[in-house]
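Okay, structure first, notes after.
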Amino acid sequence: MKFNFNKNFGSSNSSNSFGNDTFTETTYTSYGQNIGNSFKGIFVGILLLIGSIVLLWWNEGRSVEQATALKEMQEKITKLPEPKFDAALDGKAVLVQGYVKPLSEVVDPQFGVKTDGLLLRRHVEMYQWQENKSTETKDKLGGGTETITTYNYVKVWSSSSIDSTFFKVRENHQNPSMNYKSESFGTDAMLGEFYLDRNMVFRLGASQSYAGLNSMPERIGDAYNKKSYLYIPTQFYVPQTHTGIQMSQVSLNTHSITQTGTQTGMHGPQIGDIKITYTYAPAGEYTYAAKEEGKKLVPYVTENGKSFVFTRNGKVEAVTIFKEELDANSVLTWILRGVGLVLMYIAFTMMMGIIATLAKVIPMLGSLVGGVTSIIAGVLTLILGSIVIALAWFGSRPLLSLAIIGVGVGIAIAMAKFGKKNKATQNSAEAHTAREATPPSGQSSATPPPRKEEREEAQQGEATPPLRSDATPPPRES
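Residue 86 in the numbering used here sits at position 10 of the sequence shown, with consecutive numbering throughout.
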């Protein structure tokens with residue numbers, strides 16, 4: 077199947093070609109439009125810069141508060157030797173280990189799937205169209221650009237609904253609504269003498285494969301029981317089949333559409349089909365780090381307002397739990413720092429984009445200027461990012477703040493000096509090459525310059541003129 081059509085959009089030209097499930101769009105943008113887009117980029121860059129600063133500042137505060145709260149709970153937590161109520165620890169952080177048993181059966185009411193465990197998790201996937209987009213931009217002589225955008229459409233199983241109304245090519249790539257949702261079902265439970273409400277049970281998570289479908293009938297409502305999952309075929313999507321069609325051509329407005337080949341039907345899953353799998357949490361040994369409140373376990377609230385409940389499968393000590401949580405907090409902090417710095421770099425690049433755009437009259441010059449502005453954006457990101465992070469830490473760790481500022485500024489200065497050194501070396505090499513290739517002014521390239529002794533003799537000859545033969549010597553004094 078092949079589609080070709082051309083479109084004109086004012087001063088921009090677009091040409092498009094279809095493959096089986098691929099759409100390619102080529103757009104030409106003028107030099108003036110690029111300049112206008114660059115000015116818009118300045119304002120977007122300013123907003124991104126503000127957002128990156130806010131993100132970095134908030135992340136550092138969040139990281140310190142989380143670490144402080146975790147250390148507070150770790151210092152105050154007490155391990156109970158048995159899962160029994162201790163009046164002396166009422167209202168305090170406790171580590172409880174023991175067998176957790178459900179107080180009732182857990183059921184998915186929509187399909188009648190049930191378990192005698194603690195939790196049941198329904199995972200729903202739908203077979204859908206997914207749009208993948210890739211873009212390639214080429215600079216043209218005169219400052220214009222050519223952008224080639226390729227849209228590829230593939231069929232995937234997805235646990236979230238993909239909105240096809242925003243697809244570039246919606247025809248024959250429409251997704252139905254997702255009538256079934258992923259959902260968790262649970263029950264209250266007991267851990268020794270401690271009562272766990274449903275929200276506390278949900279903290280366990282359901283990660284084990286569920287085998288209960290093996291004992292259920294082959295048909296459950298609209299679903300077919302495939303033993304390891306439930307399958308619900310769709311009635312929404314009816315594929316268009318063309319038997320024996322060869323070289324048919326259809327005219328649609330200004331689009332010229334050409335279809336070649338033969339399509340005789342489709343096999344396998346169809347768009348809109350639903351697949352449902354289950355996981356569960358069985359009754360068994362678990363560890364809870366929480367607050368003892370009477371004969372209940374509830375979330376522990378720290379002095380800075382953080383609420384914590386930590387659970388682990390089996391028996392796990394408090395030191396292991398809090399080390400894992402502190403490590404996770406550190407990882408999240410670095411991830412958010414990276415996101416903030418990347419946003420800041422993009423912001424500086426967009427704000428300086430007008431410089432590279434003006435130079436793109438000559439594509440090579442535009443690329444060179446773009447590289448220079450990228451380096452400058454990187455240096456500015458290191459300096460400003462380090463300052464923001466350091467200032468956010470200053471209230472709690474002033475020495476570390478100063479160290480961060482020093483490291484950031486040092487790296488930025490080193491990058492700047494390295495760039496200058498490379499440029500100076502290049503200029504020196506070019507000047508040396510030019511001197512060797514160009515002879516001195518007023519002298520043939522074949523005649524070497526006079527030596528020092530020859531120049532001195534010539535100067536003495538000019539200062540003392542030769543004595544003529546007819547000249548009379550001056551009279552001697554008596």
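Even glycine gets a Cβ: it sits at the ideal position worked out from N, Cα and C. Note that this is a predicted model, so its numbers are computed, not measured.
Express the C-alpha separation of Phe261 and Thr191 in angstroms, rounding to a whole number.
If I take the Cα positions, the gap works out to 10 Å.
Report the option in Lys399, Lys302 and Ala164 whose CA atom is closest to the CA atom of Tyr354.
Closest by alpha carbon: Lys302.
I'd like to know whether the C-beta atoms of Lys351 and Tyr305 end up nearer to each other than 8 Å.
Yes, the pair counts as a contact, with Cβ atoms nearer than the cut-off.
Given 8 Å as the limit, is there contact between the region 206-219 and the region 291-299, that is, 3 or more CB pairs closer than that?
No, because fewer than three Cβ pairs between the region 206-219 and the region 291-299 fall closer than 8 Å, the two stretches do not touch.
Identify whether Arg388 lies in helix, strand or coil by the three-state DSSP scheme.
Strand.
Excluding the five sequence neighbours on either side, which residues of its own chain have a C-beta within less than 7 Å of the C-beta of Thr433, listed in chain order?
Asn110, Ile111 and Ser114, listed in sequence order.
Just tell me which of Asp97, Phe270, Ile397 and Ser235 has its CA closest to the CA of Val176.
Nearest option by C-alpha distance: Phe270.
Should Phe384 be labelled buried (16 or more other beta-carbon atoms within 10 Å of its own) or exposed?
By the 10 Å Cβ count, Phe384 comes out buried.
To the nearest angstrom, how far is it from the Cα of Val374 to the Cα of Ala366?
Taking the straight line joining both Cα atoms gives about 6 Å.
Hey, out of Ala282, Gly381, Gly167 and Leu458, whose CA is closest to Asn389's CA?
Nearest of Ala282, Gly381, Gly167 and Leu458 to Asn389, Cα basis: Ala282.
I need the boundaries of the beta strand (DSSP E) containing Glu269, first residue and last residue.
Element bounds for Glu269: n/a, residue is neither H nor E.
Spatial neighbours of Gly447 within its chain, please: C-beta separation below 7 Å, excluding the five flanking residues on both sides.
Closer than 7 Å at the Cβ level, and outside the excluded window around Gly447, lies no residue.
If you draw a straight line from the alpha carbon of Leu419 to that of Asp184, how long is it in whole angstroms?
Roughly 43 Å between the two C-alpha positions.
What did DSSP end up calling Ser236 once you bin it into helix, strand or coil?
Note: Ser236 maps to coil in three-state DSSP.
Which two residues bound the contiguous beta strand (DSSP E) that contains Asp215?
Segment Leu195 to Asp215, the beta strand (DSSP E) holding Asp215.
Output the boundary residues of the beta strand (DSSP E) element that contains Glu393.
Element bounds for Glu393: n/a, residue is neither H nor E.
Distance, Cα to Cα, Pro178 vs Tyr356?
Their backbone Cα atoms lie some 13 Å apart in a straight line.
Looking at the unbroken beta strand (DSSP E) that takes in Tyr300, where does it start and where does it end?
Segment Ala299 to Asn301, the beta strand (DSSP E) holding Tyr300.
Quick check: the Cα distance between Thr378 and Ala359, rounded to an integer number of angstroms?
Roughly 30 Å between the two C-alpha positions.
Grab me the residues of Ala265's own chain with a C-beta within less than 7 Å of its C-beta, minus the 5 sequence neighbours each way, in chain order.
Here the set comprises Val176, Lys177, Pro178, Leu179, Leu194, Leu272 and Val277.
Could you spell out the range, first to last residue, of the beta strand (DSSP E) harbouring Leu373?
Element bounds for Leu373: Lys372 to Val374.
Can you tell me the Cβ-Cβ gap for Phe424 and Leu456, rounded? I've got them flagged as a contact below 8 Å.
With a Cβ gap of about 5 Å, Phe424 and Leu456 count as contacting.
Using CA coordinates, which residue listed in Gly167, Trp233, Val120 and Glu259 is at the minimum distance from Asn251?
Closest by alpha carbon: Trp233.
Are Glu559 and Thr241 touching if we call contact CB-CB under 8 Å?
Because the chain here runs from 77 to 554, residue 559 falls outside it and cannot be looked at.
On a CA-only basis, which of Tyr421, Tyr376 and Leu441 is nearest Leu557? Give me that one, please.
The shown model of the chain, from 77 to 554, leaves out residue 557, and the question about it has no answer.
So if DSSP puts Arg383 in a beta bridge, which residue, or which two residues, is it bridged to?
First, the residue type needs correcting, since residue 383 is Ser and not Arg in the sequence shown. According to DSSP, Ser383 bridges with Val377.
Rounded to whole angstroms, what is the Cα-Cα separation between Ser128 and Ile489?
Their Cα atoms are separated by approximately 22 Å.
What are the boundary residues of the alpha helix (DSSP H) that includes Gly447?
Element bounds for Gly447: Pro439 to Phe470.
Check the C-beta distance from Arg198 over to Glu294 and give it rounded, since I have them as a contact under 8 Å.
Incorrect: roughly 19 Å between the Cβ atoms, too far for contact.
Could you tell me whether the Cβ atoms of Glu361 and Lys382 are closer together than 8 Å?
Going by C-beta atoms, Glu361 is not nearer than 8 Å to Lys382.
Based on Cα-Cα distance, which residue from Ile308, Leu196, Pro309 and Leu125 lies nearest to Ala453?
Considering only alpha carbons, the answer is Leu125.
Hey, Lys231 and Ile122: beta-carbon distance below 8 Å or not?
No, they are not a contact pair.
Could you tell me if Phe119 is buried or exposed, where buried requires 16 or more neighbouring beta carbons within 10 angstroms of its beta carbon?
Per the 10 Å Cβ criterion, exposed.
Rounding to the nearest angstrom, what Cα-Cα distance links His249 and Tyr256 in this structure?
Each residue's Cα considered, the two are about 21 Å apart.
So which of Phe99, Ser253, Trp133 and Val200 has the shortest CA-CA distance to Tyr229?
Closest by alpha carbon: Phe99.
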